[in-house]
Amino acid sequence: MEMSGSIDLNADLGEGFGSWRMGDDTALLDIVTSANIACGFHAGDPNIMVETALAAKARGVAIGAHPGFLDIRGFGRNVIRDTPKRIERDVAYQIGALQACAALAGARVTYVKAHGALANLANVEDDVAQAIAGAVAGVDRGLALVVMPGLPAERAAERAGLRTVREVYADRAYADDGTLAPRALDGAVLHDPGAIAERVRRMVEDGAVTTLSGRRIPVAIDTVCVHGDTPGAVAAAAAVRAALESAGLALAPFAPHRMQG
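Structure follows, in structure tokens:
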């Protein structure tokens, strides 16, 4: 079935540190329409943030802050327990860091998307979700917040008066509660570009995700994520883009939205 309209394709980028680099950001920036840039806690540093913002701006790719737990060693995939207030402040700090680096690149941050364990926790714990939404609203209410639909993160963003951008994952399987299946489970991370692209096409056409057990969950979809740190990420992103375009969708960043007040 051919569709019309536009959809965003995003990837997590800038996830190196110092002289160490992860993934092929240059190739991915030629495919995706939005770049979630690491802000220094789970990965990234000022030089990488500025360089990634410059490269994204040159290609017309939207720039988003990708805050996580302060966990360089674990790549932000370890849960670090803290109070909601401190989580809120850590997220605000990271947003501000990327805003400064983007400004040096002559660009602007237009959205926020939480990373790794922080994002997973916000999908099951209301106080963590509220902390992230509070940080975004406190820094700039014009920033959109990327969320998984139907979960605490989306509800917290709506309560905070933020624009929500609903996301599905191209290369990750889903649990029956609508969260991502733990990476340790067989089949939780997908690698075959063709299978990933076909899965995304079905999700977008059906307006639903199918869980590992076969349960169908209806969802609204504004953006599709392909992880930049997985093997074959560039091939998967290219295949997903081609599948979306062949279905009649234009690939474009979700438009920035600034609220009044």
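Going by this note's numbering, the sequence shown opens with residue 1194, and the numbers climb by one from there. Cβ atoms here follow ideal geometry from the backbone N, Cα and C, with glycine treated the same way. Predicted, not measured: the structure shown is a model, and the values here were computed from it.
Between residue 1427 and residue 1361, the gap from beta carbon to beta carbon reaches 8 Å or more. About 7 Å separates the CB atoms of residue 1355 and residue 1337; that is less than 8 Å, so the two are in contact.
Under the rule that a run must span 4 or more residues, the alpha helix (DSSP H) segments found entirely inside the region 1269–1349 read 1277–1297, 1309–1315, 1319–1332. The three-state secondary structure of residue 1360, taken from DSSP, is strand.
Of the other Cβ atoms in all chains shown, 16 or more fall within 10 Å of the Cβ of residue 1390; this residue is therefore buried. Secondary structure at residue 1399: helix, using DSSP grouped into helix, strand and coil.
Closest by C-alpha distance to residue 1234, out of 1445, 1406, 1272, 1407, is 1272. When the alpha-carbon of residue 1264 is set against those of 1343, 1232, 1242, 1447, the nearest one is in 1232.
At the C-beta level, residue 1257 and residue 1339 come within 8 Å of one another. Our two residues, residue 1236 and residue 1268, have alpha carbons roughly 7 Å apart in a direct line.
Excluding sequence positions up to five before and after residue 1302, its CB lies within less than 6 Å of the CB of 1256, 1258, 1291, 1292, 1295, all in the same chain and listed in chain order. Ranked by Cα distance from residue 1432, the first of 1280, 1320, 1392 is 1392. Counting along the chain, residue 1239 sits inside no beta strand (DSSP E); it lies in the alpha helix (DSSP H) bounded by residues 1239–1251. In the three-state reduction of the DSSP assignment, residue 1437 falls in the helix class, which pools H, G and I. Closest option to residue 1347, judged by alpha-carbon separation, among 1374, 1289, 1326, 1199: 1326.
Inclusion of residue 1345 and residue 1305 in the CB contact set at 8 Å is not warranted, their separation being larger than that value. Closest option to residue 1409, judged by alpha-carbon separation, among 1418, 1399, 1309, 1415: 1399. Within its own chain, the residues whose Cβ lies closer than 7 Å to the Cβ of residue 1351, once the five positions on either side in sequence are excluded, are 1357, listed in chain order. Taken in chain order, the complete alpha helix (DSSP H) segments of 4 residues or longer contained in the region 1374–1420 are 1386–1399. Bounds of the beta strand (DSSP E) holding residue 1228 are 1227–1231.
Distance from the CA atom of residue 1208 to the CA atom of residue 1216, rounded to whole angstroms, is 8 Å. Per DSSP, residue 1236 has no beta-bridge partner at all.
In the displayed model, residue 1443 falls within a strand according to three-state DSSP.
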